Ligand SMILES: Cc1ncc(C[n+]2csc(CCOP(=O)(O)OP(=O)(O)O)c2C)c(N)n1
Ligand SMILES: Cc1ncc(C[n+]2csc(CCOP(=O)(O)OP(=O)(O)O)c2C)c(N)n1
Ligand code: SF4
Ligand code: SF4
Ligand SMILES: [Mg+2]
Ligand SMILES: [Mg+2]
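Protein chains in written order, with the UniProt record's numbering: chain A, 1 to 290; chain V, 1 to 290; chain L, 1 to 610; chain F, 1 to 610.
What follows is the structure, given as structure tokens:
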């Protein structure tokens, strides 16, 4: 195990005291330390939002991109250099709202990418508008009468869309969360870890207490089989009195996207030495136009 | 019943001979005629693609928008004037590919909008690239080694995402399709009719024959209950030997989006007479800043 | 980056020559800044104090500076107060009420000579940094007083505000009134406690420091109600007045508060207001609503506007009226989310493929924001095209006190252009042509839904009916010609620049948008100093009002482009259209707003004399 | 719409004064057009005939015109053939092989006086329209011959091509060779049948019409291999030569064929090529790959580019190399998907919020497409910024015959700029600064993955490490200054315009991108007529190569901007930068490409004389 301090960045964290993002940051560091992944072997991608600042607080390669676009940018990097561990950090607005099309598209690809979604069910950084995951009726600055959309269900959508690893963690239980992140990193293929993350400023409903009263661990639930896709999809709808955390679904043996790209068999394209084509190659190319 | 010729446009149809879109055009006209909806009472929205030309071939209000954006533009119109019947016509690339985020968002809203998706599992108008709904391994100009994404499942995604009416039709059976479209128009809420539409030029796999051998009607299937969401979701995965058509899922009693917008209770906002505020209203507004 | 001009690094001026030099005395023109962490009550305390000053009949200008975070960090709320209307903030601060040590380190240098730093004596601040600059230190036991007299640490803020009032000798009754009003719903005990604490603070301030502090603020006799309003609020009020019936948006600083204001007023003023999944959907919703006949708008900042570009062109081609507010912030990309810049002008002018009529307007003041928004809706419907209203962080959050008469909400003109009524449509004899080729280029518009006007709207090149016609050359020339004629005629509805200052001046400042106030005060100062200066300020930018503007630009002896960007984007436009090159540019791109001092300092450094 | 210039309606010239006037005889310079419905073999037949001509050592220029539909409608394939290199098409057609009545109605008017219409005698065509214009009618029983001699109606096309060859007296052996090659995989029977039918057609053509038809084509002695290549192919070949390792895209006419070509060559040339869910993802994939160290590109048209705007700014801010091909088509919005225009220039220059270095290049020929693409990759990596390569429908689909030596695929320079090698990084003594402030503005780049260079890439304003810093003024000025310096220095790597024609000409045509060929031939014609004319053609557009260009523009006596758009966008840019206004503009925006005749006709109409 590496020292978790390995991942400390010199940057002062700017989250509000008590924010659920702290627990996620700690869990991420702990998971990497336990897996002995060095800072240069991993690359983080995030969008814009409170949670998307996480990579800035890590000593690791990172690309803070634009709101909602971390997944496709991470895809490009993974396809160029699949030697890197790739971890995407998105907010719920970022990853499921504006980035929704990339989310449903990555599910169909199964790249070996970990996606940690900081799901506080609100737009934090822009000061408290409702998010796609906000519960129906959520009152916020842009929904003074309560939201009239039904909440986006990331877990059910991921399972429905083809994800091969779908888990939910709680930032109030960073140890358990770290285990989920480790499992996600070890999973070969796309792995979603949706994290219940209290926003202590703008979400007065889905608080630490709210979750503490409700969450239970699937791995402690007799008879729950994460390999059963139908059951997992149904489980993903459980919300209210009881909220499951843990691995909801995991499929084995599905090839990753990179494995199916024939050009990558000999190694990452980013590492090829660049040189002009040989005369023979050039002739072959020209001949196509004779 | 109105004369179907009511809906004839002077424009010459430009689809290839044999294209599945003809069957859809006929079914749409037939459904409107049977429902006695006059051309001025309905408005079509489409994006860009072969199928998206359909509204141009109708005598009806229409807005041919840009690739992938018909759903949000239709939403704006429906919210401004909910007296109009609103029907969106999308291709599979248009509606499920580039328009994917609007698709999963409209599912959460349940506006009283009909969405007919011409699903030819290929990009027709741009000359035969693979589409989100193309089967895994589909060989096309941009996937010479076969596509490596798994196919997008529109029906399962719609059911998963909150749609209240989900059906599949076959353009080779326009009578049956017309019935589905009628049911979709009569449904109060968002209604998806995904149509198996052979592209005779670019899709040599999913042909008329392919479908004729496989489709069967759910309404003729003993014991199938479209009100059972779990069962519908599982049924939406049936593909291969047998392919179900008909209404897969229908939920009753879910309020429409427009019904939940309090400003619309007194009628469409587009029909309000515009006049400056009264002096009292103006004063009230100004006073907020004293 | 427009044009080849070289950029220079700059530093902000810190001299407060406005309060001093221009008015010649220390009464009723001063700048007060409250600063501390987000969550420490900087903004609410500042707003309360501003109310107290406003109720004394004084004029105010306030602006804020905050970080892109929700708690902690360092924020400020600044108010400039005067007995005459104010147009800009000043760089120099007369008194700083600091709630955190960082506030002193970072903002101490902004204090003018003889100014004062007021802070809780328990704060460990870097005194040397301040005293070196002949600034006075007023360390008051704010927390101790709060605890002893009010029983609550949290009342330290109130104590500070009391002390502030004492130091500047502003009558306590005005502070007391605000405390009573603001704490009313927390009960009498809270009101009473705060009043006592404030009074204690007031006494310390007046008794110990008032004599040493040169600047004073006295209430005026005449105390009419004035509106304290920022740019975003003025735009929202304008939209409501103009009969906006639909707004869709996606949150983005500094535009979000328009959406929020509209959402809060939706029910009362009969407006459908929706947050969408992204900015693409936001503009698409608005286009759908606008085409259906509802006055529709959206608001965003540069990043969101980037996502709207494709649909902007759709509105241009399909001839759909829609109003888009583009509240700029420093780019590129995410940039500096809570800072200010005027860096998106050329982007807005040319965004989207192909060529189509659009209108770009950039209000300079709150009054402008109101009137320009009303005009934007009228122009959008008259010319059936997208109208972009450009503001920036500074204008959206900055407030001024303004007489209510400047906002004639109930007396605006609502001109829907050639929108056919149901009655007109009933009488239609010929088939309805949505894109009829007319001399003005305007095709009379029907709302979808009328039996006589079933029609098609189309993003592809189309014929007069709206049906696809993307082959025929003659049709293309007809339709492109029709759109082009609209573009040529729009300009007749637009206005040339505002001129301020003496005719025939040796120096002419030229700017657009939010810099109006700073330029105007700079002009006053320069003229007072004997440098004959005037300004040309543009609200109506595109199509460029050449007929009105070119002679004025031509006549300028020394033309100085003043812009909040790095390359001089408006200067680029002016040269492209008129050929006239700005003789000099005063540019600012450090995320801070242009100020009178900054402009003058830059001119001095460049040795510009009229 | 840039600038205030008035647009005029125009009509295309139909006189074929190039074949006649300039060369003085009817041999080896003529234009052949095949036209009919999509699916009738217009394109394949045309391509086959072009091969036959090319194998005779002749030079060709071909271009196509098709509708936005898959079957039916009206398409043409046009080839101009000559014994000297060709740069442009002509408006006038010498012989039209029509497969449908519409082909006659629509294209008959394009036939020159004395030209011929060749068609199947069973087609009912509007003869009057053609004969009125002194065009000859060659009604040949193509289908009948095909059926009688070949046994298959479908061979009517072959018969028509045979007849064509006979009429222009081009030796049959070349046609026969192409038939043998093209039908080889269909078996001997098919080859034999087609040969017989072609020969029969040839005989009819030669025996009945050759004597009446004035234009002839003879093979040359020298018959070297030449590449027949269009702009998109040349770009793809350039990308492969430059070591492109990654391409992502989303189909859009006229850019799609680049993605398709790259996909088809991916395996062989070791390139990851992916179609994405939309254009936003397409550019994001490319940015991710480019930042990871793989040379990366994407290609699209204006509508897709609109969706890429936000991420374009990200590449600018984060300093990620990426190449974006923008293949223009007529807008606004969906516009005319299969037509041509140069309407997106100012959009490309200023797209995205804020100000950042970008490079815009617009090749004029296939050779330019190749070399410019190679340079684009080098410039992108050297300056760590997005590079936009602008083409248009015409250039992407138009072909010319070009000596293979013009494509030195194996001798290109690959310059990765300051990309640190693993060895250099191993030796690093100080902490690695991704955004190090350097005199050139270029910060040496490390690929993510090295232990000594763990680093952050950031869309927010950042410090030298790449960490968020969206508050500090000094840092902002440092980083914006660094980016600005890059922008200022890039220009040293760019090239001034190509000059063609005599020095000191009285008339100077100025253009950019795909119009090179048309301008060049116009210059030749005008000079031959005694009007001393030259041209300035720009490939490198932004940052504007002022040092090289301004003196040339300054020196122009009469400056005529030639552009495929309605407002003169390049002329706007030139005036903004240099102050020089084009004395006149030759603009075209009817979806058709600029041609020498069009340019000259417009100049004549405007009575422009040198
Ligand atoms: C294109 C674009 N639109 C909007 C924004 C403004 N914005 C920044 S963060 C954010 C949402 C934050 O919500 P979420 O993703 O849930 O993250 P959180 O702050 O809650 O962690 C928005 C809308 C932006 N930066 N870019
Ligand atoms: C923003 C944008 N990107 C790309 C295109 C080009 N384009 C036109 S239609 C189309 C896809 C057509 O496929 P689909 O939606 O399945 O419709 P079909 O033609 O198969 O009916 C594309 C990519 C476009 N018009 N706009
Ligand atoms: S606003 Fe909410 S999500 Fe953002 S830092 Fe504060 S607590 Fe966390
Ligand atoms: S290409 Fe396919 S989808 Fe398009 S019109 Fe032809 S058959 Fe129909
Ligand atoms: Mg959130
Ligand atoms: Mg399709």
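C-beta atoms are modelled at their ideal positions from N, C-alpha and C, and glycine is treated no differently.
These numbers come from a predicted model, not from an experiment.
Measuring from the CB of residue 70/F, is there a heavy atom of ligand 4 at a distance below 7 Å? As a working mapping, residue 70/F is identified with position 70 in the fourth chain. Yes, since a heavy atom of ligand 4 falls inside the 7 Å radius drawn around the Cβ of residue 70/F.
At 8 Å on the CB atoms, spell out the chain L contacts of residue 226/F, in chain order. Translated into the one-based positions of the fourth chain, residue 226/F becomes position 226. Per Cβ cutoff of 8 Å: no residues; residue 226/F is ~33 Å from chain L at best.
Is residue 63/L helix, strand or coil by DSSP? Counted from its first residue, the third chain places residue 63/L at position 63. The answer is strand: DSSP assigns residue 63/L an E or B state.
Under 8 Å between the Cβ atoms of residue 514/L and residue 395/L? Walking along the third chain from the start, residue 514/L turns up at place 514. Walking along the third chain from the start, residue 395/L turns up at place 395. Taking 8 Å as the Cβ cut-off, residue 514/L and residue 395/L qualify as a contacting pair.
Applying the criterion that 16 or more other CB atoms from any shown protein chain within 10 Å of the CB defines a buried residue, is residue 220/F buried or exposed? Within the fourth chain, numbered from 1, the residue matching residue 220/F stands at position 220. Label assigned to residue 220/F: exposed.
Which of the three DSSP states, helix, strand or coil, is assigned to residue 284/F? Along the fourth chain, one-based indexing puts residue 284/F at 284. The answer is helix: DSSP assigns residue 284/F an H, G or I state.
Any idea if residue 598/F is buried or exposed, counting beta-carbon neighbours within 10 angstroms, 16 or more meaning buried? Within the fourth chain, the letter at position 598 stands for residue 598/F. Residue 598/F is buried by the Cβ-count criterion.
Does chain F have any CB closer than 8 Å to the CB of residue 538/L? Locating residue 538/L in the third chain gives position 538, counting from the first residue. No, no contact with chain F.
Where the segment 142 to 163 of chain A meets chain L: residues whose CB sits under 8 Å from a CB there: 142, 143, 144, 145
Residue 150/L: buried (16+ other C-beta within 10 angstroms of its C-beta) or exposed? For this step, residue 150/L is matched to residue 150 along the third chain. Residue 150/L comes out buried.
Between the C-alpha atoms of residue 137/A and residue 151/A, what's the straight-line distance to the nearest angstrom? The count along the first chain starts at 1 and reaches residue 137/A at position 137. The count along the first chain starts at 1 and reaches residue 151/A at position 151. Approximately 9 Å, taken between the alpha carbons.
Proximal residues to residue 203/V (C-beta, below 7 Å), its chain only, five neighbours per side dropped: Locating residue 203/V in the second chain gives position 203, counting from the first residue. If we look at residue 203/V and ignore the five residues flanking it on each side, its Cβ neighbours are 120, 121, 122.
If I follow the unbroken beta strand (DSSP E) through residue 217/A, where does it start and stop? Working through the first chain from its first residue, we reach residue 217/A at position 217. Element bounds for residue 217/A: 215 to 217.
Examine the Cβ distances between the segment 368 to 387 of chain F and the segment 479 to 496 of chain F and report whether three or more of them are shorter than 8 Å. Yes, the segment 368 to 387 of chain F touches the segment 479 to 496 of chain F.
Against chain F, with Cβ distances strictly below 8 Å, would residue 23/L count as a contact? Indexing the third chain from 1 puts residue 23/L at position 23. Legend: pLDDT at residue 23/L = 40, less than 50; position of this residue unreliable, value from coordinates given subsequently. By this cut-off, residue 23/L is not an interface position.
Residue ranges of each beta strand (DSSP E) run of no fewer than 3 residues wholly in the segment 493 to 518 of chain F, ordered along the chain? 498 to 500, 507 to 512
Residue 613/L to residue 444/F span [Cα, whole Å]: The question about residue 613/L has no answer here: the residues shown for chain L are numbered 1 through 610.
Residue-chain proximity (residue 377/F, chain C), Cβ-Cβ < 8 Å: The structure shown has no chain C; the protein chains it does contain are A, V, L and F.
If you count every other CB in all the chains shown that lies within 10 Å of the CB of residue 220/A, and 16 or more means buried, which is it? Within the first chain, the letter at position 220 stands for residue 220/A. By the 10 Å Cβ count, residue 220/A comes out exposed.
Hey, would you say the C-beta of residue 210/A is under 7 Å away from at least one heavy atom of ligand 3? Position 210 of the first chain, counted from the first residue, corresponds to residue 210/A. Checking every heavy atom of ligand 3 against the Cβ of residue 210/A, none is found closer than 7 Å.
Which of the three DSSP states is assigned to residue 99/L in this structure? On the third chain, position 99 is the one that residue 99/L refers to. Residue 99/L: coil per DSSP, three-state reduction.
Inter-residue spacing [alpha-carbon to alpha-carbon] between residue 607/F and residue 132/F: Counting from one through the fourth chain, the residue named residue 607/F turns up at place 607. Counting from one through the fourth chain, the residue named residue 132/F turns up at place 132. For the pair residue 607/F and residue 132/F, the Cα-to-Cα distance works out to about 29 Å.
Residue 465/L versus residue 438/L - alpha carbon distance: The residue you call residue 465/L lines up with position 465 of the third chain. The residue you call residue 438/L lines up with position 438 of the third chain. Going by the C-alpha atoms only, they are around 13 Å apart.
With burial defined as no fewer than 16 other Cβ atoms inside 10 Å of the residue's Cβ, what is the status of residue 25/L: buried or exposed? Residue mapping note: residue 25/L aligns to position 25 of the third chain, counting from 1. Residue placement at residue 25/L is flagged as unreliable, the pLDDT there being 49, under the threshold of 50; the coordinate-derived value follows with that caveat. Answer is exposed; the Cβ neighbour count stays below 16.
For the beta strand (DSSP E) that contains residue 389/L, what are its first and last residues? For the purposes of this step, residue 389/L is taken as residue 389 along the third chain, with counting starting at 1. For residue 389/L, the enclosing beta strand (DSSP E) starts and ends at 386 to 392.
Spatial neighbours of residue 42/F within its chain, please: C-beta separation below 7 Å, excluding the five flanking residues on both sides. As a working mapping, residue 42/F is identified with position 42 in the fourth chain. Closer than 7 Å at Cβ, skipping near neighbours: 34, 35, 36, 75, 76, 77, 99.
Min CB distance residue 456/F to chain A below 8 Å: Working through the fourth chain from its first residue, we reach residue 456/F at position 456. Closer than 8 Å: yes.
Output, in chain order, the set of chain V residues within a Cβ distance shorter than 8 Å of residue 473/F. Counting from one through the fourth chain, the residue named residue 473/F turns up at place 473. Here the premise fails: no neighbours, minimum Cβ distance about 32 Å.
Who does residue 542/L pair with in a DSSP beta bridge? Taking the third chain and counting its residues from 1, one reaches residue 542/L at position 542. Beta-bridge pairing links residue 542/L to 360/L.
At which residues does the alpha helix (DSSP H) containing residue 611/L begin and terminate? Missing from the structure shown is residue 611/L; chain L here goes from 1 to 610 and no further.
Using the rule of at least 16 other Cβ atoms within 10 Å of the residue's Cβ for burial, across every protein chain shown, is residue 89/L buried or exposed? On the third chain, position 89 is the one that residue 89/L refers to. Buried is the call here.
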